[in-house]
Amino acid sequence: MEMTPSNKDPNGLDNPIFITDDGGHYCNFPEAGATVPECEERQKGHGKDSSRLAYTVTDIPPWYLCIFLGIQHYLTALGGLVAIPLILSKSLCLEHDTLTQSHLISTIFFVSGICTLLQVIFGVRLPILQGGTFAFLTPTLAMLSLPKWKCPAWTQNSSSLDTSSPDFVEIWQERMRELQGAIMVASCFQIFIGFSGLIGFLLRFIGPLTIAPTISLVALPLFVSAGEEAGQHWGIAAVTMFLIVLFSQYLKSVPVPVPSYSTSKRCHFSKVYLFQIFPVLFGLTLTWLLCFILTITNVFPSDPLAYGYKARTDSKGDALSQAPWFRFPYPGQWGVPTISLAGIFGIIAGVISSMVESVGDYYACARLSGAPPPPKHAINRGIGVEGIGCLLAGAWGTGNGTTSYSENVGALGITRVGSRMVIVAGGCVMLLTGMFGKVGAIFASIPTPIIGGMFFVMFGIITAVGVSNLQYTDMNSSRNLFIFGFSIFAGLTVPFWVQKNSEVVETGIQQLDQVINVLLTTGMFVGGFLGFILDNTIPGSLEERGLLAWKEGYKEESDDTVNTSDIYDLPFGIGSKFCAADWFQYLPTCPKRPARNNAKERNNSQENKSKFNSEKDTEINIDTRI
């Protein structure tokens, strides 16, 4: 294996390229100013983006490369997958139950694997990973903050808490079942929007000034959680932040010699940009090792009430020894889900945000994997399958939904392997790790300050991703400045006031009071709703609002390196056998290829007929002259 740096791509990603030499499958990329060598098979008939890819979407790399890169995609998504159950644990009264936290982590691994396989095989069919979504966290925490679901005081006393007692188990499972029901009902909304084709209609009214405050307010309200976790030991949290920033920003262009093997070079050392690929994993591991050393040397206090105790590696008990080696997650493992209107409306706000973000991920993934822009039927299927994934996540009880992972889309720019078989391998890895109970227990036992340091970096990036949508708008416009600033400020202020004065919101109808409380304490709903209303009512041109540049950025054409039907049609002959029927043309999830082919055949027939008549007339004229 060999790694060589490259110039900045047309898509704006300034990343090194991961090259795997398998004996002439493709040619190496030239340095700046060098001439481009002629490649054999892959270069013929392909565009310049294709020449930069080791494998395109429909290619199947060697099995060992699929497994290696699949594990890499799993590790790339690891931070987000682990963070979500750990954030939810406090509101679910599981702060001191590390064993159950490990079960939640294993469950979200398992369900993410299922959803990834469904998305790659039957959904949008691009190499895109599925996992938990932070968009659901804010409405979830708002729902669990209602007076009805606040944790009893006795569940917060770690010294006297029996986590195996039936009373405690019922306390947290009751909250989880309520959360499951809300996610499952809200996911039906996403399934309907996807398979009905309405996502295209909604995107006409949703632009950067709606998306920017919505995504930014997914992470901004979580500063309390990040501060509380990191505040258990600011020194360890600072070390975690320093290492993650060091690896991801300062050392990302530093290659590391790694032993490798190829048929031409045999055993040799290759340069791999490990720091850019695994910055979070390296940061967590090194800080965890530091905490272990300081624990066995008794530098950290052994008193549970003393400052710094949470930084000990044994502060979360012996969950690793208690966790089973094998545990198979199954639907309804926490009981039969329950339903309440308050939770449903809050989660729907997260669903809308997740859908719009996923559409952008589809276009970005297509560009990076050498595929044409996804057609409407593929986008409809992708959103619908994500809704099915949220339904499965609710049924299994992850406490969250699923969405496309932007981090893994970025990883395609690093590896330059756009094959969807790699993501299939990554989905299988998540399935397997979800069935190994010890794996979840390892991540659940990470010391609290390390998690807090990771939250600082992750939530900061999510906030910046939201703000980055403003690049498409005219930010010299006072109109746009007002909409964004007012939406952000209201999205922070209104939830804060409602949480402090929840008794003021009383209509006399308990269910309606709960719905209003959840919506008004969900910052992303308040900010996104205000941004949506103001952006669509205050006069402004499409260019000023950023709608033209935003949609052009999503629909930017790339070279047709592979036939569109080979990528986006349904597998196993479903597309050719069933979608070929005339009445299937009206389904939003089927391509309208038959009508297009018939028109093409009619044109060809007319051309052939004209040509035949012309030749016939020529023959007649010749005969006449003779």
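Here my numbering is used: position 363 in the sequence shown is 900, and no number is missing along the way.
Ideal placement from N, C-alpha and C gives every residue a C-beta, glycine not left out.
Item checked: Residue environment, GLY772, which counts as buried when at least 16 other CB atoms sit within 10 Å -> exposed
Next item on the list: Report yes or no: do the stretch 889 to 903 and the stretch 682 to 691 share at least 3 C-beta pairs separated by less than 8 Å?
Entry: no
Note to self: According to DSSP, simplified to helix, strand and coil, what is PRO758?
What the structure shows: helix
Item checked: Selected residue, minimal CA-CA separation from ILE532, among ASP1072, PRO1125, ASP1106, ILE597 -> Given a span of 538 to 1163 for the chain in the structure shown, any question on residue 532 remains unanswerable.
Next item on the list: Indicate the three-state DSSP secondary structure (helix, strand or coil) for ALA930 in the structure shown.
Entry: helix
Margin query: The alpha helix (DSSP H) that contains ARG957, what's its start and end?
Written below: 957 to 972
Note to self: Taking only three categories from DSSP, how would you classify TYR899?
What the structure shows: helix
Next item on the list: Quick one: give me the first and last residue of the beta strand (DSSP E) that CYS804 is part of.
Entry: 803 to 809
Item checked: CB contact flag (ILE758, LEU1007, <7 Å) -> Contrary to the premise, residue 758 reads as Pro rather than Ile in this sequence. The answer is no: Cβ separation not under 7 Å.
Item checked: Under the three-state DSSP convention, the category SER797 falls into -> strand
Check: Is GLY869 helix, strand or coil when you go by DSSP?
Finding: coil
Next item on the list: Pull up the distance between the alpha-carbon of ILE736 and that of VAL836, whole angstroms please.
Entry: 56 Å
Next item on the list: Report the rounded CA-to-CA distance for PRO984 versus ALA860, giving the unit in angstroms.
Entry: 17 Å
Next item on the list: Ignoring anything shorter than 3 residues or poking outside the stretch 812 to 896, list the beta strand (DSSP E) runs there in chain order.
Entry: none
Check: Is it a yes or a no for the stretch 1022 to 1033 touching the stretch 1062 to 1070, going by three-plus beta-carbon pairs under 8 Å?
Finding: yes
Check: Given a threshold of 16 other Cβ atoms within 10 Å of its Cβ, counted over all protein chains shown, does ALA903 qualify as buried or as exposed?
Finding: buried
Note to self: Suppose you measure from the CA of SER701 to the CA of LEU754; what does that come to, to the nearest Å?
What the structure shows: 37 Å
Notebook entry, point to check: Per DSSP, THR940 is paired with what?
Noted result: GLY668
Notebook entry, point to check: CB-CB under 7 Å to MET721, same chain, minus the five flanking residues each way: which ones, in chain order?
Noted result: PRO874, LEU928, GLY931, ALA932
Next item on the list: Put VAL954 into one of helix, strand or coil per three-state DSSP.
Entry: strand
Note to self: Whether or not the stretch 1006 to 1024 and the stretch 786 to 799 are in contact is what I'm after, with contact meaning three or more pairs of Cβ atoms, one per stretch, closer than 8 Å; do they touch?
What the structure shows: no
Next item on the list: Starting from the Cα of LEU1057, find the closest Cα among LEU678, VAL976, GLY974, ASN694 and give me that residue.
Entry: LEU678
Checklist line | Check whether GLY964 and LEU654 have beta carbons under 7 Å apart | finding: yes
Checklist line | Exposed unless 16 or more other CB atoms sit within 10 angstroms - verdict on ASP840 | finding: exposed
Note to self: Could you tell me the alpha carbon to alpha carbon distance between ASN937 and THR751, rounded to whole angstroms?
What the structure shows: 18 Å
Check: Expressed to the nearest angstrom, what Euclidean distance is found between the alpha-carbon atoms of GLU539 and PRO792?
Finding: Interpretation of GLU539 is limited by its pLDDT of 39, a score under 50 that renders its predicted location unreliable; no figure is taken from the coordinates.
Item checked: Those runs of the alpha helix (DSSP H) which lie wholly inside the stretch 643 to 667 and span at least 4 residues -> none
Notebook entry, point to check: Is LYS847 buried or exposed, if buried means 16 or more other CB atoms sit within 10 Å of its CB?
Noted result: buried
Next item on the list: Might you give, ordered along the chain, the residues of its own chain that have their beta carbon closer than 8 Å to the beta carbon of ASP699, omitting 5 neighbours on each side?
Entry: PHE705
Note to self: By alpha-carbon positions, which one of ARG712, HIS914, ILE1025 ends up nearest to TYR1123?
What the structure shows: HIS914
Check: If you drop the 5 nearest sequence neighbours on each side, which residues of the same chain put their C-beta closer than 6 Å to that of SER943?
Finding: ASP898
Next item on the list: Report yes if the C-beta of VAL648 is less than 6 Å from at least one heavy atom of the ligand FMN; otherwise report no.
Entry: This structure simply doesn't include the ligand FMN, nor any ligand for that matter.
Next item on the list: With a 10 Å radius around its C-beta and 16 neighbouring C-beta atoms as the bar for buried, classify ARG662 as buried or exposed.
Entry: buried
Check: Should MET778 go down as buried or exposed, given a rule of 16 or more other Cβ atoms within 10 Å for buried?
Finding: buried
Next item on the list: Give me whichever residues DSSP pairs with TYR592 in a beta bridge.
Entry: VAL954
Item checked: Nearest-angstrom Cα separation, counted from PRO816 out to GLY768 -> 22 Å
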